[in-house]
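*Asks:* Per UniProt numbering, the very first residue in the sequence shown carries number 1; after that it's consecutive.
The structure follows.
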Amino acid sequence: QDRRNSSVNHLLRPLPVENWASHRLPFYSTCLVQPGLPTLLKKENELYQKEAVDLQVKKDKMVAENGDEWEIKNAGKMQEETAKMITDSKERLARSFGELRDLVMLAKKEPELVEED
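Take a look at the structure:
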């Protein structure tokens, strides 16, 4: 597991949507936190996209200058890792949007959950 995002891993766990009624979680508080996740994940994805472009430019420059073979190979490995992180961040972003959509649908179906205790 990648440790780079460990500070937000607790936010990325699926919300217990089916248990809200039984646990009486403060719905309003959940509504405040959940919309921020797609924004956070979108920024993360954009940073990985920028990193991928930067790594490609760096690798191309090394190849053009007949750089060290090990450095070129290492740059390729870094590109592969960045591509994996881009895929992962896209999946988490899609999942986050889905959870937010489910949250809104639940609020429409069960308006009594919207009221704070």
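Virtual Cβ for every residue (Gly too), placed ideally from N, Cα, C.
Since the model is a prediction, treat every value here as computed from it, not as a measurement.
Below 8 Å on the Cβ atoms is my guess for residue 128 versus Leu-41; work out the distance and round it to an integer in Å.
*Replies:* The question about residue 128 has no answer here: the residues shown for the chain are numbered 1 through 117.
*Asks:* Please confirm if the segment 94-103 is in contact with the segment 70-83, defined as three or more CB-CB distances below 8 Å between the two stretches.
*Replies:* In short, these stretches do not touch, since the Cβ pair count stays below three.
*Asks:* What separation, rounded to the nearest whole angstrom, lies between the Cα atoms of Val-53 and Glu-80?
*Replies:* Approximately 12 Å between the Cα atoms of the pair.
*Asks:* If you drop the 5 nearest sequence neighbours on each side, which residues of the same chain put their C-beta closer than 7 Å to that of Lys-58?
*Replies:* Excluding residues within five positions, the ones whose Cβ falls inside 7 Å are Ala-75.
*Asks:* For Glu-71, count neighbouring Cβ atoms within 10 angstroms of its own Cβ and tell me buried if that reaches 16, exposed if not.
*Replies:* Under this definition Glu-71 is an exposed residue.
*Asks:* In chain order, what residues of the same chain lie with their CB nearer than 6 Å to the CB of Glu-51, ignoring the 5 residues before and after it?
*Replies:* For Glu-51, where only same-chain residues beyond five positions count, the Cβ hits under 6 Å are Thr-82.
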